[in-house]
Amino acid sequence: MSETSDHGQVYRPAGDNRPRITVTADEIRGTLGRQIVAGVNRITSYYSRNGLTDQQIQELNDWTGRSILMTEGGNQVVDTAVLYPVESCWPRYIPSRTWANDSADVLAISGCYATVSDSLWRSGRDFTIIDSRAITDAAVTDKGLEHPCGVSWRAVILPSVDTLPLETWKQLEKFVQKGGILIASGALPQNSETDFPSSEVKEISKRLFGAEPAPLKPIRNEAGGIALFLPMGMESMNAHILNNLLERDFTADSKESPLRVTHRSFPDREVYYIFNDSKEPCQETVRFAASGHPRMWDPNTGKVTALEESESYQIKLAGWNAAAFTFDKQKERKQTGDIRAFPAYEATALKLNDPGKGAGEFVRATVEKVENDSAWNAKATLTKGNTDTFLFLCFGQELDLSGMELITLDIKVPPSQRTSTQLLAILIDSDGGQYLAQSGFSLCARGQSDYRRVYIPRNQFGLAGWSSDPNGKLDLDKIKELRIGWGGYYGVEGENVEFTLKNISVLK
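Following the working numbering, the numbering of the sequence shown begins with -7 at its first residue and continues without gaps.
Structure below.
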């Protein structure tokens, strides 16, 4: 259930002279569609509806009702589950003065969880969020983790999870032994619900991930099960890895496709609800792991169109709009454990000039070159607390990043640093569009004493909320500035925030 409104766009307290923003019918549909495709099927609207005609309001209600009718009920068909890491947060939580900003370790876990989820969302791969009880309630079968409610998962991602009940760790080990895929992203099994650390949990970790886990080096068993460790900094790689381990249920031809999908299974049909998560029109060739009497449903009109059976279908959607496809039955989706299927990239080091600095009003900043390390060190002291602060290294030069799949960089922070924010990257193209990506890497040290490599996939970059772009797309061949740093941080007066950066490369 969701309560959605334009409160942030129209409410202005006394003294706030910002103009009110009129939210259009298309923008409302975009907000609703994103929630519907993510599984929300009850929406309470508190929109002011300024400027909307009665006809527009009726069309919105009809569109929403038809969309929910097509997605409500049945069972979600999804291969991937992301564990909500609450047990790992509990022992680290500190009562906070401003939201949860005093719990740097908890915010680091939250950042990892958000980056993992965002990487799956941006890749167009549907997933579900589960808790530890869902794992222990499920049966380990040839289908993976099969839950009594009728859903099953073949891959489980643990975002910065090092603490779970012992029973849950044992169930995850059985899951891998039976052929499941387990990805530990940002942390390894360490604690049970009673022991910190737990020798039994550490033994499970060794059996699953090896005595010395290495990034992108999966441990595979005879049943086809895979356990893979991704250290902090590689959280955004989860979607890339799953795309090479699990055949997709829905595929769009374009790598940059804005289409998002959810699949619901009913006794008499398979329903794919597809949403264009962009204000721009989208025309794509798409493929489904389903067959039999294909039909396309239009939530704008209620029209149902019978289609010819095919291996692929053309879909054309207006901005922030949707369609549903129905079939008689699912097709089997393959799982591969062949590590040779992992993507092989060619790395190109960027030849960058010394950067400038972009700092907030209440940030006293210095940037120095570390000659013996071919690196740059950025230090900031906050001169005012509880206010929005930022600091970026700004590489203002023309770059051709055509064909880029990922940006990689090495970063180090002081071992004692407790800053509760994460590293960000911004690409600015020739027509001024600024595209922001979260790295998932926390500037809270969490035991770090040396450089960590961070990977940021291309599809993590989205148009920043403060920016606009005349042509509506990131022109990788016409980049005029790269920025690396942090922002949106509400720290305390006198706090120091530092990082050292080197080896910025692109992978193609």
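Heads up, the beta-carbon is just placed ideally off N, CA and C, and yes, glycines get one too.
Selection from the options that minimises the alpha carbon distance to residue i
i, options, result
"Pro285", "Pro407, Ser302, Asp365", "Residue 285 is actually His in this sequence, not Pro. It is Ser302 whose Cα lies nearest to the Cα of His285."
"Ile28", "Leu383, Tyr443, Thr254, Met224", "Thr254"
"Arg325", "Asn292, Leu234, Pro210", "Leu234"
"Asn444", "Gly136, Asp18, Leu401", "A small fix is needed here, since residue 444 is Arg in this sequence, not Asn. The option with the nearest alpha carbon to Arg444 is Leu401."
"Asn53", "Trp82, Tyr427, Arg21", "Arg21"
"Gly480", "Lys170, Ala351, Tyr105, Phe258", "Ala351"
"Glu(-5)", "Leu164, Arg34, Val2", "Arg34"
"Asp245", "Asn42, Cys274, Ala310", "Cys274"
"Leu493", "Lys500, Phe433, Glu64, Cys104", "Phe433"
"Asp46", "Gly57, Asn67, Ala17, Thr56", "Ala17"
"Ser70", "Val143, Thr23, Val405, Gln48", "According to the sequence as given, residue 70 is Val; it is not Ser. If we check each option's Cα against that of Val70, Val143 comes out closest."
"Ala310", "Asn345, Leu466, Arg279, Asn268", "Asn268"
"Lys124", "Arg114, Ala100, Asp154", "Note that residue 124 is Ser in the sequence shown, not Lys. It is Asp154 whose Cα lies nearest to the Cα of Ser124."
"Glu107", "Thr133, Pro449, Cys81, Gly388", "According to the sequence displayed, residue 107 carries Thr and not Glu. Out of Thr133, Pro449, Cys81, Gly388, Pro449 has the C-alpha closest to the C-alpha of Thr107."
For residue i: DSSP bridge partner residues
i, result
"Gln322", "Ala282"
"Ala341", "Ser497"
"Phe221", "Ala176"
"Arg261", "Phe258"
"Gln27", "BP columns for Gln27 are empty, so no partner."
"Gln306", "Thr277"
"Asn451", "Asn451 is not bridged to any residue."
"Phe384", "Gly350, Gly477"
"Asp512", "The structure shown has nothing for residue 512, since the chain only spans -7 to 500."
"Glu502", "The displayed coordinates of the chain run from -7 to 500. Any statement about residue 502 would go beyond what the structure contains."
"Thr160", "Paired residues: none, contrary to the question."
Start and end residues, alpha helix (DSSP H) containing residue i
i, result
"Met226", "Where Met226 is concerned, there is no enclosing alpha helix (DSSP H), given that its DSSP letter is neither H nor E."
"Thr16", "Here Thr16 belongs to no alpha helix (DSSP H), and DSSP marks it neither H nor E."
"Trp113", "96 to 114"
"Leu61", "46 to 63"
"Glu192", "191 to 201"
"Ser124", "124 to 129"
"Gly0", "-1 to 2"
"Leu234", "230 to 235"
Same chain only: Cβ atoms within 6 Å of residue i, ignoring 5 sequence neighbours per side
i, result
"Gln452", "Ser228, Ala429"
"Leu220", "Ile175, Pro210"
"Leu150", "Leu75, Ala176"
"Leu112", "Phe119, Ala231"
Status (buried if at least 16 other CB within 10 Å, exposed otherwise) for residue i
i, result
"Gly424", "exposed"
"Met(-7)", "exposed"
"Gly171", "buried"
"Trp458", "exposed"
"Arg10", "exposed"
"Tyr39", "buried"
"Trp368", "buried"
"Cys104", "buried"
"Asp346", "exposed"
Other residues of its chain near residue i: CB distance less than 7 Å, five sequence neighbours each side excluded
i, result
"Lys470", "Asp421, Ser422"
"Thr128", "Glu159, Thr160, Gln163"
"Asn513", "Here the chain covers residues -7 to 500 and nothing more, so residue 513 does not appear."
"Phe201", "Ala176, Leu180, Ile211, Ala219, Phe221"
Extent of the continuous beta strand (DSSP E) run through residue i
i, result
"Cys436", "426 to 436"
"Ala369", "The sequence shown places Asn at residue 369, not Ala. Looking at the DSSP string, the run of the beta strand (DSSP E) that includes Asn369 is 367 to 374."
"Ala244", "242 to 244"
"Gln414", "410 to 421"
"Gly136", "136 to 138"
"Val362", "355 to 362"
"Leu398", "398 to 404"
"Leu75", "72 to 75"
"Asp82", "At residue 82 the sequence reads Trp, which differs from the Asp that was named. Segment: none, Trp82 is in no beta strand (DSSP E) and carries neither H nor E."
"Trp289", "287 to 289"
"Thr36", "35 to 37"
"Val148", "147 to 151"
"Glu(-5)", "-6 to -4"
Contacting residues, own chain, Cβ-Cβ under 8 Å from residue i (five flanking each side not counted)
i, result
"Phe354", "Leu374, Thr375, Lys376, Thr379, Thr381"
"Arg261", "Thr318, Phe319, Asp320"
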